[in-house]
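Colleague: Sharing a structure below in structure tokens format, with a few things to ask.
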Amino acid sequence: MNRNDLKLLALTRLREAKVLLAHGEYSGAYYLAGYVVECGLKACIAKRTRRHDFPDKKRAEKSWTHLLNDLVGLAELTDSLKTEIQADAIFSRNWANVVRWKEDSRYALNGEPEAIDLVKAISDRRHGVLRWLRQHW
């Protein structure tokens with residue numbers, strides 16, 4: 035899997051989450067939507083990997099997480115995220131919503147409001163998390 039694969043996967047997961055949302059499958063939409071951000075952050079990490087360099091083992095192993103805040107740090111986007119949160123109150127609320135997502139949400143029954151809020155927080159064209167990620171991947 036490379037950076038382009040991760041970018042494509044993020045966009046694919048967003049389309050799939052929207053389809054599930056439109057068909058009332060809220061738990062599935064919520065679960066897949068979180069992977070949009072995870073894949074986007076992993077694309078940002080991949081961007082920082084230099085071609086032909088031997089990867090740092092600890093950094094590579096840490097990248098196999100589903101914890102979004104940890105991935106922000108590994109992608110070296112902590113300062114950018116803080117700046118964006120301070121500059122845009124709507125983005126700040128969107129990030130707060132997104133960062134609550136956990137991989138184990140696959141075992142939860144999320145309702146319509148949670149799914150709609152998460153998909154919107156990610157996909158909002160002006161204040162969404164995906165818009166911010168695309169600036170860095």
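Just so we're aligned, residue 35 is where the sequence shown starts under this note's numbering, counting upward by one. Backbone N, C-alpha and C fix where the C-beta goes; we use that ideal spot for every residue, glycine too.
Can you find the residues in the same chain that come closer than 7 Å, C-beta to C-beta, to H161, ignoring five residues on each side of it along the sequence?
Modeller: Mapped onto the sequence shown, residue 161 falls at position 127. If we look at H161 and ignore the five residues flanking it on each side, its Cβ neighbours are D122, I124, F125, N128.
Colleague: Could you tell me how far apart the beta carbons of K41 and A77 are, in whole angstroms, since I believe they sit closer than 8 Å?
Modeller: Taking the sequence shown and counting its residues from 1, one reaches residue 41 at position 7. Taking the sequence shown and counting its residues from 1, one reaches residue 77 at position 43. Rounded, the Cβ-Cβ distance is 5 Å, consistent with contact.
Colleague: Just confirm the distance between the C-beta atoms of G62 and L75, as a whole number of angstroms; I'd bet it's less than 8 Å.
Modeller: Sequence index remark: in the sequence shown, residue 62 carries index 28 (1-based). Sequence index remark: in the sequence shown, residue 75 carries index 41 (1-based). Not a contact, Cβ separation roughly 21 Å.
Colleague: Which residue wins for smallest C-alpha separation from A44, given the options Y60, Y65, M35, V70?
Modeller: As a first step, residue 44 is located in the sequence shown; it is residue number 10 there, counting from the start. It is V70.
Colleague: Does DSSP put E137 in a helix, a strand or coil?
Modeller: Residue mapping note: residue 137 aligns to position 103 of the sequence shown, counting from 1. Here E137 sits in helix by DSSP.
Colleague: So the alpha helix (DSSP H) S97 belongs to, where does it begin and stop?
Modeller: Counting from 1 along the sequence shown, the entry for residue 97 is found at position 63. Element bounds for S97: n/a, residue is neither H nor E.
Colleague: Residues in its own chain within less than 8 Å of A155 by CB, not counting five upstream and five downstream?
Modeller: Numbered from 1 along the sequence shown, position 121 holds the residue referred to as residue 155. Cβ neighbours of A155 beyond the five flanking positions: R127, N128, W129, N131, V132, G162, V163.
Colleague: Does the beta-carbon of E110 have 16 or more other beta-carbons within 10 angstroms, so that it is buried, or is it exposed?
Modeller: In the sequence shown, residue 110 corresponds to position 76, counting from 1. The residue in question, E110, is exposed, as its Cβ has fewer than 16 Cβ neighbours within 10 Å.
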